[in-house]
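Residue numbers (the working numbering): 23 to 190.
Just so you know, even glycine gets a beta-carbon here, dropped at the ideal spot from N, CA and C.
Being a predicted model, the structure only gives us computed values, none of them experimental.
What follows is one structure encoded as structure tokens, with my remarks underneath.
Okay, structure coming up:
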């Protein structure tokens, strides 16, 4: 009958060495990639010192710059007007436009301020209105656009990487 002895499980020395190697390599890669400018400036995920808050500030600043230059973004209400019967469009327009908020802290109330976002956060209609808003994002037969909620992946393949890039 075989006998078994208890052995203490220790982490593999290779695993520890691998982690040390990866950290050294990551540090060197970060420097080289930064100097060469290989990462897009609009990518804030998976990067040091690049938070979602910073990205939000950039988007709001750009939107405000456009507003001051009288350049308008394509709004949901415009798309709804083009695609829906008048009675539904007018109903949604009255629901989405000219909304205000007020803040209460203790017994103090703020003044009313306009809500600039078109879709109320957490609304029942929000997901459907978002889908209408993004429905006309351009696509071609040479690429696959896969969306789930507000996440989008765009894929293309070709034996030639240059053609793949051009398709995207």
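- Contact annotation, residue 126 with residue 164: C-beta distance approximately 54 Å; criterion of less than 8 Å not satisfied.
- In this structure, residue 106 sits away from residue 118, with a CB-CB distance that is not shorter than 9 Å.
- Here residue 39 carries a helix assignment [DSSP, helix/strand/coil].
- Burial check for residue 151: the Cβ neighbour count within 10 Å reaches 16 or more, so the residue is buried.
- Under the three-state reduction of DSSP, residue 127 is assigned to strand.
- Counting of Cβ neighbours within 10 angstroms places residue 102 among the buried residues, the total reaching 16 or more.
- In the structure shown, residue 157 adopts coil according to DSSP, grouped into three states.
- Ranking 86, 57 and 178 by CA distance to the CA of residue 162 puts 178 first.
- Checking the DSSP bridge columns, you'll see residue 122 partnered with 136.
- For residue 134 against residue 122, the beta-carbon gap comes to about 4 Å, under 8 Å, which counts as contact.
- Each residue's CA atom was taken as its position, placing residue 73 and residue 83 some 16 Å apart.
- Residue 175 and residue 129 have their C-alpha atoms spaced approximately 48 Å apart.
- Taking C-alpha positions only, residue 104 is separated from residue 184 by approximately 37 Å.
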